[in-house]
Amino acid sequence: MKKAIIMIAMSVLGFTAHAQKIINNNSKTIVLVHGAWSDASSWDAVTPLLKAPDEEVINVNLAGHGKDTTSFAGVTFQTYVDQVKAAIGTHTNVVLVGHSFAGMVISQVAEEVPAQVKELVFLAAALPHDGDDLLSLAKQDPASHIGKSLTIDQEHGAAIIAKDAVADIFAADAPQQVQEYIAANIKPEPLVPLATPVHLTEKNFGSIKKVYIHTVDDHAISYPAQQYMVKAGKVAKVYTLQSSHTPFLSMPDKLAAILIAESK
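Heads up: the sequence shown is residues -19 to -1, 1 to 245, going by mature numbering (1 follows the signal peptide of the UniProt record, and there is no 0).
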């Protein structure tokens, strides 16, 4: 999704300064990781609400997404993990936020650099156990609308969502202009990372605090599926938004307020 989505959303939705006013002076580094069929610009309505002079917000654009032209043949799950680790660099006390598929990515990152990650925030995200991959988790969510609109292109290593289903799946509560833009500009998703299992241990991944943000009206990862993962995933704290799969478009101020609260 391009920055133009956010420009449209800002003009239609408007913004509040509420989240900006409650920045905490002792906030941690926040690292944002977008989901599948998306890119880093999906966070553009949220990041201005998070930034403060004493705080760093890092927004990662995964390979093969947005304007990045990396061939799908060169994109693996570890590619994403290494990108996020590189973005974290030497930062410690990191609040690592993953949306949707990025729940898999941030989990593996936490496993590999646990000393640098203070907390994991799963936003309408996959919350895996050792050995899970996204496609296997998706099969456990019959209420999701993705399956009936998904085409797997084995020849090109891509997962493709039908354009006429995009608005319903990802942004049912977004303004019509936003829905139309997303549908017109959605791109195929690299397939291999979706089918790659995570390797997690209780010592590393299991030791890190986990927070989950539910999206009740979600047609991508259904609310019941989210609840099931939370119950099985040793989550310390839960927030609930009455939103579709993309609250950063429909309610960025409420989402930002949650992330700020977790970064204190």
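Built from N, CA and C at the ideal position, the CB exists for glycine as well. Please read these numbers as outputs of a predicted model, since none were measured by experiment.
Inter-residue Cα distance where the pair is Q64 and H126:
Whole-angstrom Cα-Cα distance: 29 Å.
Which residues in the same chain as A83 place their Cβ atom closer than 7 Å to its Cβ, once the five residues preceding and following it in sequence are excluded?
For A83, where only same-chain residues beyond five positions count, the Cβ hits under 7 Å are V14, H15, G16, A106.
Close-in-space but distant-in-sequence residues of the same chain around E100 (CB under 6 Å, 5 per side omitted):
Here the set comprises V76, K190.
To the nearest angstrom, how far is it from the Cα of L108 to the Cα of M85?
The straight-line gap from Cα to Cα measures roughly 7 Å.
Bridge partners of K191, per DSSP?
Note: K191 sits in a beta bridge opposite L101.
Give the DSSP-derived three-state secondary structure of T57 in the structure shown.
In the three-state scheme derived from DSSP, where H, G and I count as helix and E and B as strand, T57 is classed as coil.
Per-residue DSSP class, three states only, for A107
Of the three classes helix, strand and coil, the one that applies to A107 here is coil, per DSSP.
When the Cα atoms are used, what is the spatial distance from I163 to I241?
Each residue's alpha carbon lies about 27 Å from the other.
On the DSSP bridge list, what partners appear for N40?
Answer is L13, bridged to N40.
Status (buried if at least 16 other CB within 10 Å, exposed otherwise) for A176:
Result: exposed.
Could you tell me the alpha carbon to alpha carbon distance between K235 and V219, rounded to whole angstroms?
A direct Cα-to-Cα measurement between K235 and V219 gives close to 14 Å.
The alpha helix (DSSP H) with L172 in it runs from where to where?
No alpha helix (DSSP H) contains L172, which DSSP labels as neither H nor E.
Kindly indicate which residue of M232, Q208, I194, A146 has the alpha-carbon position closest to the one of W18.
Considering only alpha carbons, the answer is A146.
Consult DSSP for I142 and reduce its assignment to one of helix, strand or coil.
Note: I142 maps to strand in three-state DSSP.
If we count the other Cβ atoms within 10 Å of its Cβ and call it buried at 16 or more, is S81 buried or exposed?
So S81 ends up on the buried side.
Which value, in whole angstroms, describes the spacing of the CA atoms of L43 and D20?
Taking the straight line joining both Cα atoms gives about 7 Å.
From D199 to K9, what does the alpha carbon distance come to, in whole angstroms?
Taking the straight line joining both Cα atoms gives about 29 Å.
Would you be able to state if there are at least three C-beta pairs under 8 Å between the stretch 220 to 234 and the stretch 192 to 207?
Counting Cβ pairs under 8 Å, three or more are found: they touch.
Residue span of the alpha helix (DSSP H) that contains D149, given as start and end
Here the alpha helix (DSSP H) through D149 covers 147 to 151.
Going by beta-carbon coordinates alone, are I202 and V102 separated by less than 8 Å?
In this structure, I202 lies away from V102, with their beta-carbon atoms at least 8 Å apart.
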